[in-house]
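Read through the structure below, which is laid out as structure tokens, and then see the notes.
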Amino acid sequence: MNYDEFFREASRLSPASLGLPQRADYRSSLDNEALFQLPLLAMVILTLSKGSSKPRLSELGQLVGECLERTVSGFKGSSQDIGWSANLRIRTVKALTFLERTNLVTVEGQQVTITHRGRPFIVKVLEQETMLADALLIVERSYNNIRAERLVRAEV
1 MNYDEFFREA SRLSPASLGL PQRADYRSSL DNEALFQLPL LAMVILTLSK GSSKPRLSEL
61 GQLVGECLER TVSGFKGSSQ DIGWSANLRI RTVKALTFLE RTNLVTVEGQ QVTITHRGRP
121 FIVKVLEQET MLADALLIVE RSYNNIRAER LVRAEV
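Pasting the structure below:
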């Protein structure tokens, strides 16, 4: 079969007749339900709160969303803007409540602070050579970049 015959045959057979999934039916495995799982959100909150600059309580849902957008390849450059998702904010509050009840973070004033019990936990997770550790390190870098961008904007 030569080049021309191949394309004639391909146009004669429609892709649907081959049983291939249509592009419209494709669903990413990292949709909102997958991203908004409480354990992942709890790990992101621990990662954000372990640095010297503590996230403010009122900005936590937005920060978690922005960090996930910058970390998860399916959301990079996306117009979905999950930082504004009400579902994400509700689940972030649930994850924060879990972390407070297990004494891994405290909310002092308006800042989320990691406890003496939470710090060794997240440090141990970040020391592992796993996909989770890699993702959380990217979240940490994204948080630092967001803070730096806000400082630059404030100076301008």
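Using the UniProt record's numbering, read the sequence shown as starting at 1 and increasing by one per residue. Ideal Cβ positions, reconstructed from N, Cα and C, are used throughout, including at glycine.
Taking 8 Å as the cut-off, does the stretch 60-71 touch the stretch 141-148 (at least 3 CB pairs, one atom from each stretch)? yes
Where do the ends of the beta strand (DSSP E) carrying I114 lie? Q111 to I114
DSSP three-state label for T106, please. strand
Touching or not, the stretch 54-64 and the stretch 120-130, by the rule of three or more beta carbon pairs under 8 Å? Fewer than three pairs of CB atoms, one per stretch, sit closer than 8 Å, so the stretch 54-64 makes no contact with the stretch 120-130.
Where do the ends of the alpha helix (DSSP H) carrying S49 lie? L38 to S49
Quick one: what does DSSP say R141 is sitting in, helix, strand or coil? helix
Own chain partners of Q110 with C-beta closer than 7 Å, once the 5 adjacent residues on each side are dropped: R56, L57 and S58
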